[in-house]
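This report concerns only the one structure given below.
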């Protein structure tokens with residue numbers, strides 16, 4: 023494969039010949055927008071999200087839910103220079119698919135509120151695979167993540183103007199971010215990047231039916247979007263022309279998938295510079311809709327005797343209740359989407375951890391008794407503020423009739439209440455420990471990721487990921503905590 027600049031067009035510029043209707047398309051204008059400068063602060067933010075995703079994906083890769091993808095990949099996808107966690111070396115498309123399946127499994131993935139989109143699950147696997155394939159610098163990888171998030175979130179934010187739909191935004195909109203990230207890592211020209219967005223739109227997919235049934239197949243949407251993004255970039259590098267008006271065209275993405283969307287909003291000015299800075303991290307392994315209520319419960323638990331609770335009312339927005347009003351969860355997946363379970367665990371013992379979603383924890387009679395006292399109801403003000411704000415309220419009534427209440431507009435991990443560097447590192451370490459990764463290897467990943475901007479290549483990071491991959495494949499491998 024040869025990656026070359028379009029003749030007569032400087033890198034970062036769109037040819038005047040590309041507008042099919044006498045003006046530039048949204049894809050072309052997005053490419054132009056992504057030529058903006060990036061600061062060290064921006065790249066540090068990207069490194070933080072890469073760091074968080076690695077921990078989340080590694081922990082996800084050792085779950086039972088990951089086995090079907092791992093078994094498939096070990097049979098059919100082996101061979102290539104890119105790391106597919108738990109598999110080994112793979113081609114860039116297959117590595118993106120495998121790694122793209124893990125981030126969503128434990129519900130600890132990052133989230134952009136206004137687009138209701140988990141960009142990290144899709145953009146980072148695509149960026150990482152393309153970066154390993156092209157053997158680029160650490161700075162280039164971080165820049166690829168920044169522009170990938172930018173495009174995914176801008177398209178996603180425009181798409182959800184009408185609220186939730188049957189489409190899973192992380193797949194349908196995330197594929198454009200994956201293509202942008204991969205194209206940047208591969209060093210494509212502006213023309214080729216616009217083509218890649220066209221190829222991405224041809225592959226957009228992802229339905230929400232999975233949340234209504236006992237399946238983990240949501241991971242397939244993020245995996246496929248990550249792979250499709252890499253495919254889009256590679257095909258564009260080979261000269262395949264993309265539909266430039268794939269977003270706003272008569273038969274394009276917005277009219278077909280999100281007819282209530284405002285396509286022009288894709289180009290709205292960002293308040294905080296790059297949109298990556300608007301993305302929330304999750305402190306706990308649960309649906310993001312639950313996090314504000316858990317944050318409140320953490321604050322309230324020290325001021326009451328939990329054994330004296332008579333009733334708890336959780337106020338949420340309509341979408342939060344629809345997703346997470348699960349009073350009697352049976353599986354770990356259901357528990358991660360249960361207001362009742364997560365708040366009960368928090369009130370009883372503090373921050374929810376991975377073990378609190380296993381069978382023994384679900385069957386704990388004390389937890390079950392408190393779950394039965396928790397109700398969830400809509401709050402119209404919270405509903406009207408969603409998705410730009412994801413708030414909650416808790417009203418706790420004690421046996422003596424005393425009532426305590428608290429509310430919030432934001433959850434821990436939001437940009438308004440960011441996780442501290444120490445909390446982010448602790449989450450990362452817990453996730454790696456859950457996968458059997460030693461402290462020594464975790465230290466190596468710390469240095470490789472958080473100082474990536476200063477690295478002339480990503481080889482050290484790639485080697486550490488290969489070491490982790492071996493551990494996922496063989497828990498008895500060197501580096502496992504005993």
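In the numbering used here, the protein residues as written are 23 to 504.
A virtual CB, placed ideally from N, CA and C, is assigned to each residue, including glycine.
In this text the structure is predicted, and so the values were computed from the model without any measurement.
According to the neighbour-count rule (16 or more other Cβ atoms, all chains shown, within 10 Å of its Cβ), is residue 352 buried or exposed? Exposed is the call here.
Count the other C-beta atoms from every protein chain shown that fall within 10 angstroms of the C-beta of residue 304, then say buried if there are 16 or more, exposed otherwise. Note on residue 304: 16 or more other CB atoms within 10 angstroms of its CB, so buried under the neighbour-count rule.
Residue closest to residue 348, alpha-carbon to alpha-carbon, out of 318, 390 and 330: In this structure, 390 is the residue among 318, 390 and 330 with its C-alpha nearest to the C-alpha of residue 348.
How would you call residue 121, buried or exposed, if buried means at least 16 neighbouring beta carbons within 10 angstroms? Label assigned to residue 121: buried.
Please work out which residues of its chain come closer than 6 Å, Cβ to Cβ, to residue 166, disregarding the five sequence neighbours upstream and downstream, and give them in chain order. The answer, listed in chain order, is 149, 203, 206 and 207.
Could you tell me the distance, in whole angstroms, from the CA atom of residue 177 to the CA atom of residue 292? CA-CA distance, residue 177 to residue 292, rounds to 13 Å.
First and last residue of the uninterrupted alpha helix (DSSP H) at residue 56: Here residue 56 belongs to no alpha helix (DSSP H), and DSSP marks it neither H nor E.
Residue-level contact to chain D via CB, residue 491, 9 Å cutoff: Protein chains in the displayed structure number just one, and chain D is not present.
C-beta contact flag for residue 185 and residue 341 at 9 Å: Yes, the pair counts as a contact, with Cβ atoms nearer than the cut-off.
Tell me where the alpha helix (DSSP H) around residue 488 begins and ends. Its alpha helix (DSSP H) spans residues 481-495.
For the 8 Å Cβ check, are there 3 or more pairs between the segment 267-280 and the segment 379-388? Counting Cβ pairs under 8 Å, fewer than three are found: no touch.
Which of helix, strand or coil does DSSP assign to residue 104? Three-state DSSP puts residue 104 in a strand.
Would residue 471 and residue 416 be called neighbours here (beta carbons separated by less than 9 Å)? No Cβ-Cβ contact shorter than 9 Å links residue 471 with residue 416.
Does residue 89 pass the burial test, meaning 16 or more other C-beta atoms within 10 Å, or should it be called exposed? Residue 89 comes out exposed.
Rounded to whole angstroms, how far is the Cβ of residue 374 from the Cβ of residue 306, which I believe are closer than 8 Å? Confirmed, about 5 Å.
Quick one: grab the DSSP three-state call for residue 43. Only weak support is given to the placement of residue 43: the predicted model assigns it a pLDDT of 37, under 50, and the value that follows is read from those uncertain coordinates. Note: residue 43 maps to coil in three-state DSSP.
Residues bridged to residue 414 [DSSP beta-bridge criterion]: Bridge partners of residue 414: 430.
Starting from residue 399, follow its DSSP beta bridges and name the residues at the other end. According to DSSP, which records beta bridges pairwise, residue 399 is partnered with 337.
Would you report the Cα separation of residue 44 and residue 244, rounded to the nearest angstrom? Its pLDDT being 41, under 50, residue 44 is placed unreliably in this model, and the coordinates cannot settle the point.
Relative to the C-alpha of residue 262, which residue among 94, 114, 214 and 147 is closest? Minimum Cα distance to residue 262 is reached at 214.
Closer than 6 Å by C-beta to residue 477: which residues in its own chain qualify, once you throw out the five before and the five after it? Chain order, please. Closer than 6 Å at the Cβ level, and outside the excluded window around residue 477, lie 160.
Residue 376 vs residue 452 beta-carbon contact at 9 Å: Yes. Within cutoff.
Quick check on residue 75: does DSSP put it in helix, strand or coil? Residue 75: helix per DSSP, three-state reduction.
Smallest Cα separation from residue 493: which of 57, 110 and 94? In this structure, 110 is the residue among 57, 110 and 94 with its C-alpha nearest to the C-alpha of residue 493.
Ordered along the chain, which non-local residues of its own chain (more than five positions away) have a Cβ less than 8 Å from that of residue 430? Answer for residue 430: 314, 317, 318, 413, 414 and 415, listed in chain order.
How many angstroms separate the CA atom of residue 61 from the CA atom of residue 392? Spanning the two alpha carbons is a distance of roughly 48 Å.
Start-end ranges of the beta strand (DSSP E) lying completely within the segment 315-368, minimum 3 residues: DSSP assignment within the segment 315-368 yields the following whole beta strand (DSSP E) runs of 3 residues or more, N-terminal first: 331-338.
Could you give the distance in angstroms between the alpha-carbon of residue 505 and the alpha-carbon of residue 265? This structure does not reach residue 505, given that the chain is present from 23 up to 504, and the question cannot be answered.
Are residue 343 and residue 290 touching if we call contact CB-CB under 9 Å? Contact flag unset, no.
With distances taken from CA atoms, which of 370, 157 and 132 is nearest residue 479? The shortest C-alpha separation from residue 479 is found at 157.
Any idea if residue 496 is buried or exposed, counting beta-carbon neighbours within 10 angstroms, 16 or more meaning buried? By the neighbour-count rule (16 or more Cβ atoms within 10 Å), residue 496 is not buried but exposed.
State the Cα-Cα distance for the pair residue 405 and residue 69, rounded to the nearest angstrom. Their Cα atoms are separated by approximately 33 Å.
My output table needs one value for residue 471: the three-state DSSP class, helix, strand or coil. When DSSP states are grouped into helix, strand and coil, residue 471 belongs to the helix group.
Assign residue 485 to one of two classes, buried (16 or more other C-beta atoms within 10 Å of its C-beta) or exposed (fewer than that). Classification of residue 485: exposed, given that the 10 Å Cβ count is below 16.
Residue 220: first and last residue of the uninterrupted alpha helix (DSSP H) it sits in: For residue 220, the enclosing alpha helix (DSSP H) has its first and last residue at 212-224.
Validate contact between the segment 46-53 and the segment 68-87 using beta carbons, cut 8 Å, 3 pairs: No: the two stretches stay apart, fewer than three of their Cβ pairs being nearer than 8 Å.
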